[in-house]
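Note sheet for the following structure.
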Amino acid sequence: MKRRIMNIMPISRVMAFLAHPDDTDTYCANFLKTLAGAGGKKISLHCVTRGEHGLAANRDPRKEEFRGTRLGRIRSEELKKAAEYLGIPRENVYFLNIEDSRVREAPRTAYRKIRRSIEENRPDLVLAPEFYHAYYLHPDHVHVGMIVFIALRKLGYPGKIFLYHSINNNYYHPVTTTDVVKTAVGFHVSQEDLFRFLLPLHVNVEQVIHGMHLRGVKRAEAYRVTSTDEPQTLGLKSRSVARIYSAFSGKS
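Mind the numbering: the sequence shown is residues 23 to 274 in my numbering, read in order.
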């Protein structure tokens with residue numbers, strides 16, 4: 023499946039789930055901007071945490087005083103500004119307020135909030151972190167992706183799920199300019215130490231590798247597209263993830 027998504031299915035309601043405020047701007051900025059630019063769609067972002075403990079690669083000890091609630095407020099506003107740039111109204115950005123780096127310790131609360139969000143929005147298309155075939159194994163990402171999938175399955179969601187940062191991709195969205203991801207990520211000023219080395223790697227290595235799957239473009243965003251009726255081979259090594267999957271994977 024390598025055609026543009028608008029040629030694949032009718033879409034009117036899109037939900038994107040994030041573990042942290044910069045996730046979709048890193049991995050899905052071009053796809054979301056394309057969807058928003060097509061018009062006639064309600065796109066909403068649902069950030070499970072506010073990233074209040076996120077100061078990865080910080081080289082300035084003075085920034086440590088921001089860690090916690092203050093950083094959470096800063097990062098929340100950064101996401102809203104980036105969303106507006108992509109064409110998503112800031113009022114369509116929601117926070118589920120699970121503590122950063124603690125999703126696996128509050129799976130039932132996360133499940134309840136995620137399921138409620140899905141019931142209220144009734145999406146045609148869902149984006150979420152890859153939970154099994156992932157190259158980025160941050161526990162918040164893995165658990166958010168899995169809980170989203172389980173909630174969708176229990177609700178009988180009939181649409182497609184686009185899982186980002188996967189190593190087993192089957193859909194490639196063309197990237198015609200690096201300006202989109204660079205601008206979107208640029209709003210996350212609190213994470214500049216991290217993106218100083220991560221963004222060039224993402225744009226000049228990862229997106230270029232994905233672009234090899236398409237003709238006529240140099241770069242692409244990649245997704246594993248699946249559905250709730252497709253079997254998920256969960257050969258899980260993480261006991262905590264396996265425990266959560268077992269707890270929620272039964273029938274509704």
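Ideal placement from N, C-alpha and C gives every residue a C-beta, glycine not left out.
Compute the Euclidean distance between the alpha carbons of residue i and residue j, then round it to the nearest angstrom.
i	j	result
S249	A128	25 angstroms
A173	Y133	7 angstroms
P43	L221	16 angstroms
K176	T131	16 angstroms
S139	S123	21 angstroms
F117	A78	21 angstroms
V164	H75	17 angstroms
L54	I65	8 angstroms
I183	F171	8 angstroms
R237	L159	30 angstroms
V203	G109	13 angstroms
P32	G178	18 angstroms
G181	R72	27 angstroms
G167	E152	6 angstroms
S98	T91	10 angstroms
Y186	E100	21 angstroms
T198	E243	11 angstroms
K63	P145	10 angstroms
Quick one: is residue i buried, meaning 16 or more other Cβ sit within 10 Å of its Cβ, or exposed?
i	result
N52	buried
S212	buried
K135	buried
M234	exposed
V36	buried
S34	exposed
N226	exposed
P253	exposed
Y157	exposed
P276	It is not possible to answer for residue 276, since the shown part of the chain is limited to 23 through 274.
I169	buried
L67	buried
D251	exposed
E113	exposed
P111	exposed
N191	buried
Using the three-state DSSP reduction, which class does residue i fall into: helix, strand or coil?
i	result
M37	strand
L149	strand
K64	strand
A244	strand
Y133	helix
H42	coil
Y107	helix
Y49	helix
V239	coil
V230	helix
V125	helix
E142	helix
S274	Note that S274 scores a pLDDT of 35, beneath 50, so its modelled location is shaky; the value from the coordinates is reported in the next line. Looking at S274 - three-state DSSP - the assignment turns out to be coil, as it is neither helix nor strand.
Would you say residue i faces chain C, with C-beta separation under 7 angstroms as the test?
i	result
T71	Annotation note: the requested chain C is absent from the structure, which comprises a single protein chain.
Should residue i be counted as a contact of the ligand COA given a C-beta to heavy atom distance under 6 angstroms?
i	result
V36	In terms of ligand content, the structure shown is empty, and the ligand COA therefore cannot be addressed.
Could you pull out every unbroken beta strand (DSSP E) segment of at least 3 residues lying fully inside the segment 156-227, listed in chain order?
Listed in chain order, they are 182-186 and 193-197.
Would the segment 99-107 count as touching the segment 202-216 if we require 3 or more Cβ pairs under 8 angstroms?
The segment 99-107 is in contact with the segment 202-216.
Is it the case that the segment 55-63 contacts the segment 72-91, given that we only count it when at least three CB pairs across the two stretches are under 8 angstroms?
The segment 55-63 and the segment 72-91 do not touch, with fewer than three beta-carbon pairs separated by less than 8 angstroms.
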